[in-house]
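Protein chains in written order, with the working numbering: chain A, 129 to 468; chain B, 129 to 468; chain C, 129 to 468.
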């Protein structure tokens, strides 16, 4: 994709300052940009890069006064940051939307329907009786089991696996290697010390506007559904166990795990490598610090916790500060004992 | 799959109380059940739901006396919980067993044999000289390298990768995205600070009745075998390094990792996000608490440990209790020092 | 692959002691070797196994004097360990190199070029405008998006996913299930508590001689590149976030995670299950102990840290020693208070 600076200025309702026939084909930071790239200058802390950048064009503020000559063509707009963000979004959307049609071979089972303007990559597999909406992109080597439902405008990257009966909403993105609907880890201990499988016949439900990271796993419910509510974003390598419910507009960072039947509230922030035990409830707007282990329910909204096991993060911080000095503390105590 | 209540009652040797022509097509919890679902009532704590449920049918005890009218058809049996479990197992088994035949295209290398009544999904790959038993289900996009052996009645879900020479027993289940037989992480440091690969030519052996979770990774041995013994259940996103041996009837929860050459005993319980260092031995019936780091061998059977590094869980619990109060402890010590 | 003992002795420039027509087809440890295997004896601690081994042949030192009769044929060389390592490498290289040609079906997009002597497994997918070097092995079900570059002699195992614009150097190995180039986890919080995606248009760059473990995920940069420098080895299930840079000749063990924009130096050792927060810098030759949480930059080369949060490992070790005795410490303090 190559554009003239004039085309981009028109799109952004900006004015060109310099050669408007210059062509750009990528977006870059002003300090890293090469020939052919379009950069932007918003924070004047970076102004010195404007005079040395190799970018072919730079988006700047309408009222910016130049202190030195600039080799790049300038596009002057009211809000350079916002204009650049707009371009970034056009770019990413265009990349995905450019994928259309059906590559050969791919597999689709009996009774499955798929909406308009879709992409199905080679070696993708759709089972029987699936209902898939409009503008859905299914990349190569995706597996979609029987009776799966997928809403409009959802993108499923290469190699995602959706087990039978999974429900995915609209405007969702699922990254490569994610697995939705694998059996919950339910094992009934027998008298002889062996384990018998507890059948797992439920499913996974993603509501709308959800993002699932690469190689994340979400188990199906024993019965009923493991549910991720609207707008929630889940990072890579996260584990969501059977019958978990993650509320709306919550973020869960990489390598965290939520054990069976726990309920995480809305607008929560779960940092990386956190573990949450089973059968507990986390209140709305809770923040859990990285590597924490949440061993009991959080009842009050807006709570911030840290540690393994986790408790109030300020209290944890103070305890950790003393922890480092424990050898001195012990020595002082010994000295006191001798004196007394 | 749709059944009349009478068909189900016959299967369970129960009696129908109500309309025996009502049809059900799914199983659900009594508090969540909708029309068309069959639920059960075992624990009388949930009895109130019996009078309000939308389930089409409910399995209840033979001797249950109704306190109010019930809209659902009842199936009366001796042990409702056990009867319902039986149905759940029928349901799950039927789902898997319904998959038979060979979808097109799929790949099978020279000299490979596969037993009766199998399923091979589209885009599945079987290398050369493999020996695969009867009633094996190989879902779409599974990769099976050369010289792999798989026992009877094993199910391998979509996208599993089995490297060359892997051995899988009978009655095993391997969930999507699991990787067995990738190279062990063996690197010989060189004089100049770089690393040279230690060749990894061993394999992975799963005995019978084993379950491997989604996106779990098990590395091949440097030489010989990385072994998972009979009946052991491994959850999602678990890492098992080269030359590890996990004993029989042990459970390993999600996101735990076992480092190279360590041996975990039989009947152990390894909770989630546990790390076990290399070259140690964990005695039979050991329990390791969540997020623990096991840094040395556990010699006594039945030991319970917790913490990072892990030690006796009761001692850890008491230490953690004091840990939270460290700031106060420090203050008290300061006050004492001033007084003395 | 079957060889006579004489063929192997010739390769190693060794002398045969016994029947030189004996055939071997695998390599094994002397204490585990079966008929048909070739073992070695280097450390004389293991000499007793020489007299009882079932190996068909054993590599021993030129000057070894036998104390008892040996059933295996011996191959006498100057340095048995080094000779055996050479064979291991031949073996592993031969296994990979034996894969050549193009299996059917596989997909290659318009404008993509691939060098000589390559292997492309069935159901592998190569997008448009890719440049792939010589001697590259692409196993079944690999996905390579558009505009991807791959250097010579690189092996990509079954099911790896490389998003559009990924760059992989020469002599790299990427294990099954690894995902390179998935979107960075960048979300701009909105006034109403929801999140808007920050477009992620950068890529992932692996330099030469890199190994990536099974099911590891490396996100693309927001803009620019997430970079892994030459010779670095990354284990299974590791998470590398957007805009991270991992230096040369560094090892990162399983299940560790590096958050966005952090820079890890050269010659570092990151043990298993470590978490590194975003936007920090780790000096060259830093060692981070297992399960540590690195919350701030490490400025001095050769630092060794441990703990969550991590600090000097010796200090941490001493603090952990006191931590275990906290209940006694508290009791002693109580007693002192009473006395004073």
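Every residue, glycine too, gets a C-beta built ideally from N, C-alpha and C.
Proximity to residue i [Cα-Cα], best of the options
i, options, result
"residue 255 of chain A", "A:273, A:421, A:191", "A:273"
"residue 208 of chain C", "C:218, C:240, C:172", "C:172"
"residue 153 of chain B", "B:232, B:145, B:133", "B:133"
"residue 288 of chain C", "C:343, C:328, C:219, C:229", "C:343"
"residue 231 of chain B", "B:248, B:286, B:149, B:222", "B:248"
"residue 251 of chain C", "A:286, A:149, A:229", "A:286"
"residue 268 of chain A", "A:305, A:382, A:188, A:240", "A:305"
"residue 411 of chain C", "C:418, C:430, C:400, C:399", "C:430"
"residue 180 of chain B", "B:187, B:161, B:400, B:242", "B:161"
"residue 336 of chain C", "C:359, C:327, C:227, C:453", "C:359"
"residue 325 of chain B", "C:451, C:143, C:217, C:196", "C:217"
Nearest-angstrom Cα separation, counted from residue j out to residue i
i, j, result
"residue 292 of chain B", "residue 407 of chain B", "25 angstroms"
"residue 178 of chain B", "residue 320 of chain C", "41 angstroms"
"residue 158 of chain B", "residue 145 of chain B", "17 angstroms"
"residue 456 of chain A", "residue 446 of chain C", "10 angstroms"
"residue 331 of chain B", "residue 353 of chain B", "5 angstroms"
"residue 222 of chain B", "residue 376 of chain B", "28 angstroms"
"residue 237 of chain C", "residue 389 of chain B", "43 angstroms"
"residue 378 of chain A", "residue 244 of chain C", "49 angstroms"
"residue 466 of chain A", "residue 437 of chain A", "35 angstroms"
"residue 370 of chain B", "residue 312 of chain B", "5 angstroms"
"residue 280 of chain C", "residue 395 of chain B", "47 angstroms"
"residue 275 of chain B", "residue 322 of chain B", "34 angstroms"
Cβ of residue i within 8 angstroms of any chain C Cβ
i, result
"residue 367 of chain B", "yes"
"residue 165 of chain B", "no"
"residue 177 of chain A", "no"
"residue 379 of chain A", "yes"
"residue 305 of chain A", "yes"
"residue 436 of chain B", "yes"
"residue 298 of chain A", "no"
Close beta carbons around residue i, own chain, < 6 angstroms, minus the five adjacent residues each side
i, result
"residue 391 of chain B", "373, 409"
"residue 402 of chain B", "384, 416, 420"
"residue 284 of chain C", "266, 270, 302"
"residue 397 of chain B", "379, 415"
"residue 432 of chain B", "415, 441"
"residue 338 of chain A", "300, 356, 360"
Cβ of residue i within 8 angstroms of any chain A Cβ
i, result
"residue 193 of chain B", "no"
"residue 452 of chain B", "yes"
"residue 343 of chain B", "yes"
"residue 400 of chain B", "yes"
"residue 170 of chain B", "no"
Residue i at chain B interface by Cβ criterion, 8 angstroms
i, result
"residue 209 of chain A", "no"
"residue 422 of chain C", "no"
"residue 363 of chain C", "yes"
"residue 461 of chain A", "yes"
"residue 446 of chain A", "yes"
"residue 251 of chain C", "yes"
"residue 467 of chain A", "yes"
"residue 416 of chain A", "no"
"residue 387 of chain A", "yes"
CB-CB length for residue i against residue j, believed under 8 angstroms
i, j, result
"residue 309 of chain A", "residue 290 of chain A", "6 angstroms"
"residue 414 of chain A", "residue 405 of chain A", "Between residue 405 of chain A and residue 414 of chain A the Cβ distance is about 14 angstroms, and since that is not below 8 angstroms, they are no contact."
"residue 300 of chain B", "residue 277 of chain B", "Not really, about 12 angstroms apart at Cβ, beyond 8 angstroms."
"residue 468 of chain A", "residue 464 of chain C", "6 angstroms"
"residue 314 of chain B", "residue 350 of chain B", "6 angstroms"
Same chain, Cβ closer than 7 angstroms to residue i, neighbours up to 5 away in sequence not counted
i, result
"residue 444 of chain C", "434, 435"
"residue 229 of chain A", "247"
"residue 186 of chain B", "158, 167, 168, 169, 178, 200, 202"
"residue 363 of chain C", "341, 380, 381, 382"
8 angstroms Cβ shell around residue i - same chain, five flanking residues per side excluded
i, result
"residue 164 of chain C", "151, 152, 153, 154, 184"
"residue 149 of chain A", "132, 133, 134"
"residue 400 of chain B", "363, 381, 382, 383, 384, 418, 419"
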